[in-house]
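Quick notes on the structure that follows.
Numbering (full-length UniProt numbering), first residue to last: 1 to 65.
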């Protein structure tokens, strides 16, 4: 991902850090629910998946090579 300005890069890094923190919190909530024998709400898994794809997966396309 190419950034035009330093501000865009800093904004992306800030969003990425927030996403990592949120993923950690959601994962802990999921583990707590599983340990308590409760069902994990679907939105928790969907949120973790979305944040992983949006902020952690660095996908390359053919034009990047």
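Note that beta-carbon positions come from the ideal geometry of N, C-alpha and C, so glycine has one too. Keep in mind the model is a prediction, meaning the values are calculated, not measured.
From residue i to residue j, what does the alpha carbon distance come to, in whole angstroms?
i, j, result
"residue 22", "residue 57", "16 Å"
"residue 40", "residue 49", "14 Å"
"residue 65", "residue 2", "Only weak support exists for where residue 65 lies, its pLDDT of 48 falling under 50; the coordinates are left without a value."
"residue 30", "residue 43", "11 Å"
"residue 53", "residue 35", "26 Å"
Which two residues bound the contiguous alpha helix (DSSP H) that contains residue i?
i, result
"residue 52", "That residue, residue 52, is in no alpha helix (DSSP H); it is neither H nor E in DSSP."
"residue 92", "Any property of residue 92 remains undetermined from this structure, which presents the chain solely from 1 to 65."
Got a sec? Which residues, its chain only, sit under 7 Å from residue i by beta carbon, not counting five neighbours each side?
i, result
"residue 26", "44, 47 and 48"
Among residues of its own chain, excluding the 5 on either side of residue i, which ones have a beta-carbon nearer than 6 Å to its beta-carbon?
i, result
"residue 33", "40"
"residue 4", "none"
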